[in-house]
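Each remark here refers to the structure printed beneath this line.
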């Protein structure tokens with residue numbers, strides 16, 4: 001016991017045991033950490049594999065991207081004509097066809113009107129002939 005404070009002092013043996021216990025806990029923690037790191041490193045091995053790893057996958061995706069870009073480029077440009085200009089030409093052609101169809105329907109309606117007028121004239125002639133004869 002400490003005479004000045006009245007507290008019980010731990011013996012040197014007790015202090016040594018406490019320090020030893022703390023060191024053993026630290027060792028156990030470090031061993032667990034080492035095992036986790038080893039497991040993480042083992043988990044990384046397949047990711048570094050030359051055939052199925054991340055690098056190989058990135059190369060494969062890059063090749064697919066290049067092929068896709070080439071295919072899109074081929075679709076967009078056929079010879080000297082771009083996709084945009086072909087779409088514009090088709091849009092213009094569609095408008096022209098729609099205009100021509102509209103004129104055909106207008107002509108058809110005009111012919112239908114003429115047919116009705118001629119039908120009316122024939123009806124008038126027929127009724128006149130029926131009254132005469």
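Numbering (the working numbering), first residue to last: 1 to 133. Quick reminder that beta carbons are idealized off the backbone N, C-alpha and C, glycines included.
| Item | Value |
| --- | --- |
| Excluding sequence positions up to five away, which residues of its chain have a Cβ less than 8 Å from the Cβ of residue 78? | 86 |
| Throw me the rounded Cβ distance for the residue 56 and residue 50 pair, which I believe falls under 8 Å. | 6 Å |
| Return the CA-CA distance between residue 108 and residue 98, expressed in angstroms with no decimal places. | 15 Å |
| Terminal residues of the continuous alpha helix (DSSP H) containing residue 97? | 83-132 |
| Less than 8 Å between the C-beta atoms of residue 76 and residue 83, yes or no? | yes |
| Residue 44 to residue 10, Cα distance in whole Å? | 49 Å |
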